[in-house]
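For the sequence shown, numbering that gives the first Met the number 0 begins at 0 and goes up steadily by one. Cβ coordinates follow ideal geometry from the N, Cα and C atoms, glycine included. Keep in mind it's a predicted model, so treat the numbers as computed, not measured.
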Amino acid sequence: MNITEHTEDVLNPFILNLFIINKSSTCTQMESLPVSGLFSFYRAIGLLLGPLNTILNGLCVHIFNHHLWKKSIMSRILKGLSIIELGMGLSLFIHALIFSQNSTSSYSNQNLFNINNTTNSIYPNYDIHINHLNQFQHDSIHTNAYIKTICSFFITTISSRFLVAFQISRNWSVVLLAAYRYDQICRPIGTSSAFPRERIRYILIIIFFLACLIVIPRIFESGIVVCYISGNVSKDYPLLINYKLYQILYLGLVMFIVQSGGPVICVCVLSAFVIRIIAKRRKFHREKEQRSARNLLRRQTMEIENNQSNLKNNTNNNNTNFLQRNSNGLTKELTERPAPSGDKLMFAVCITFFILETPAFFSKILNPYLEQDYPLIDLTLSVIANLLIYLDSTLNAFIYMASNPLFRKIARNECIQYRNRLICCQTSKSTHQLTRISRILDTEPNTISINS
């Protein structure tokens, strides 16, 4: 942190210097952005989706801990995904809350600064008549103002970077889910799984740790100049973001591949392979059933031709048996091969991820072309893409509910148990109140008899 007396001293800050305190009397507050309405909408949605996301994913973590899942690999992956999305919702709420408080406190600090300047201009001798205690109080107010601004900026920066880290972890956790689905369906028979139960936890921890390492440079993209007197943000200055190599290699290539491009492409490729294998198996199964049905029909026709003498007596029985038999001698309809356990849930999560992550994918691609000439359009696309990502994370609980009967069963049982506990609590409370009232009524006649 650097403390300077003049504004000119902040032109070339150190690359890791996030805060500069300007004690100059000419230090003024930074002008507000012209897209404040868009930021207000983004902040309001963040304040709404953040707590909702946290609550829903917390419930999902509780449900995936249930013993009915039998600690399956799919439930472990979905539990880890829900924990990551819980942290994502919490970071979103903290970021939106601090950002909202910064706007309000900045306006309040500016009003207080204007009031002090007005008082000094109306009463020129005001500063002469105050005592040293009041002067110390004013200095402490200014100190608290810029310290509060620095803390708010630091918390906002860290929460936003954690939000990016949780988003990267979430995207690659969905890739892990798609890879597990591919492994279950496309793995050759007799080979061991590439995702044993014991490795899932460590894979998710490694994913989150690598995401945090990748996000660390983004903390030092820019810094702020804080006015010592008013505590307002005077200006922001670029740090790493000012280097073209950082913009091209890190933001343009690394973050695109890690944050949106890589996960979307991996999920698409893995899902395409799975759909292709499933389609081939169903086609082969259907052709096999049809060939078996034709062979059975041919054998039955030969039996009918060879047994003309017995056909009249057994016509009804033969027709009944013919309608009820197929290649297996069980049923006429062609039955499809059952999908793996939880396949609908995993498929729904992957498809929803692909649909709601695609805008972020194209937003990253169009960013270099729109950033210079159309900054408002670029910012609008980025806000829409981020909101769709947060919406995808929030909707996962409803996707689990709609696509998996075991999840619905556990959720229904948990709701019934919670309702029963609530009813028992209310009943015991009312019983306790009735007992207390009856004791009071029992003591009243004794008191009256003693007084009489």
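Look at residue i and residue j and say whether their C-beta atoms are less than 8 angstroms apart.
{"i": "residue 393", "j": "residue 51", "result": "yes"}
{"i": "residue 17", "j": "residue 189", "result": "no"}
{"i": "residue 177", "j": "residue 265", "result": "yes"}
{"i": "residue 378", "j": "residue 37", "result": "yes"}
{"i": "residue 181", "j": "residue 283", "result": "no"}
{"i": "residue 502", "j": "residue 239", "result": "One cannot answer for residue 502 here, as it falls past the ends of the chain, which runs 0 to 451."}
{"i": "residue 230", "j": "residue 148", "result": "yes"}
{"i": "residue 249", "j": "residue 216", "result": "yes"}
{"i": "residue 353", "j": "residue 267", "result": "yes"}
{"i": "residue 200", "j": "residue 75", "result": "yes"}
{"i": "residue 98", "j": "residue 42", "result": "yes"}
So what does DSSP say about residue i, is it helix, strand or coil?
{"i": "residue 403", "result": "coil"}
{"i": "residue 189", "result": "coil"}
{"i": "residue 70", "result": "coil"}
{"i": "residue 222", "result": "strand"}
{"i": "residue 152", "result": "helix"}
{"i": "residue 21", "result": "strand"}
{"i": "residue 372", "result": "coil"}
{"i": "residue 328", "result": "The predicted model places residue 328 with a pLDDT of 42, which falls under 50 and marks its position as unreliable; any figure quoted below should be read in that light. DSSP places residue 328 in coil when its eight states are reduced to three."}
{"i": "residue 284", "result": "helix"}
{"i": "residue 64", "result": "coil"}
{"i": "residue 195", "result": "coil"}
{"i": "residue 16", "result": "coil"}
{"i": "residue 122", "result": "Legend: pLDDT at residue 122 = 36, less than 50; position of this residue unreliable, no value from coordinates given."}
Skipping 5 residues on each side, what residues in its chain have a beta carbon closer than 7 angstroms to that of residue i?
{"i": "residue 94", "result": "45, 155, 158, 159, 162"}
{"i": "residue 362", "result": "380, 381, 384"}
{"i": "residue 366", "result": "377"}
{"i": "residue 348", "result": "173, 176, 395, 398"}
{"i": "residue 185", "result": "272, 273, 276"}
{"i": "residue 260", "result": "360, 363"}
What does a CB cutoff of less than 6 angstroms around residue i pick up in its chain, not counting 5 residues either side in sequence?
{"i": "residue 80", "result": "172"}
{"i": "residue 258", "result": "167"}
{"i": "residue 403", "result": "344"}
{"i": "residue 332", "result": "Residue placement at residue 332 cannot be trusted, given a pLDDT of 39 that sits under 50; the coordinates are not used to answer."}
{"i": "residue 137", "result": "Legend: pLDDT at residue 137 = 48, less than 50; position of this residue unreliable, no value from coordinates given."}
{"i": "residue 124", "result": "Because the pLDDT of residue 124 is 41, which lies under 50, any placement of that residue in the model is unreliable, and the question is left without a value."}
{"i": "residue 434", "result": "none"}
Taking residue i and residue j to be in contact with their CB atoms under 8 angstroms, please state how far apart those CB atoms are, rounded to whole angstroms.
{"i": "residue 72", "j": "residue 275", "result": "Between residue 275 and residue 72 the Cβ distance is about 23 angstroms, and since that is not below 8 angstroms, they are no contact."}
{"i": "residue 406", "j": "residue 62", "result": "6 angstroms"}
{"i": "residue 355", "j": "residue 399", "result": "16 angstroms between Cβ atoms; not a contact."}
{"i": "residue 83", "j": "residue 207", "result": "7 angstroms"}
{"i": "residue 165", "j": "residue 87", "result": "4 angstroms"}
{"i": "residue 263", "j": "residue 351", "result": "Going by Cβ atoms, the distance from residue 263 to residue 351 rounds to 12 angstroms, so no, they are not a contact pair."}
{"i": "residue 151", "j": "residue 100", "result": "7 angstroms"}
{"i": "residue 227", "j": "residue 19", "result": "Contact doesn't hold; Cβ gap of about 10 angstroms is too wide."}
{"i": "residue 224", "j": "residue 236", "result": "7 angstroms"}
{"i": "residue 91", "j": "residue 49", "result": "4 angstroms"}
{"i": "residue 67", "j": "residue 409", "result": "6 angstroms"}
For residue i, verify whether its CB is less than 7 angstroms away from any heavy atom of the ligand HEM.
{"i": "residue 40", "result": "Ligands displayed in this structure: none; no statement on the ligand HEM is therefore possible."}
Once you ignore the five residues that flank residue i on each side, which residues in its own chain have a CB closer than 8 angstroms to its CB?
{"i": "residue 70", "result": "196"}
Report the residue ranges of all beta strand (DSSP E) runs contained in full by the region 203-268; include only those spanning at least 3 residues, in chain order.
If we require 3 residues or more, the beta strand (DSSP E) runs fully inside the region 203-268 come out as 221-226, 232-237.
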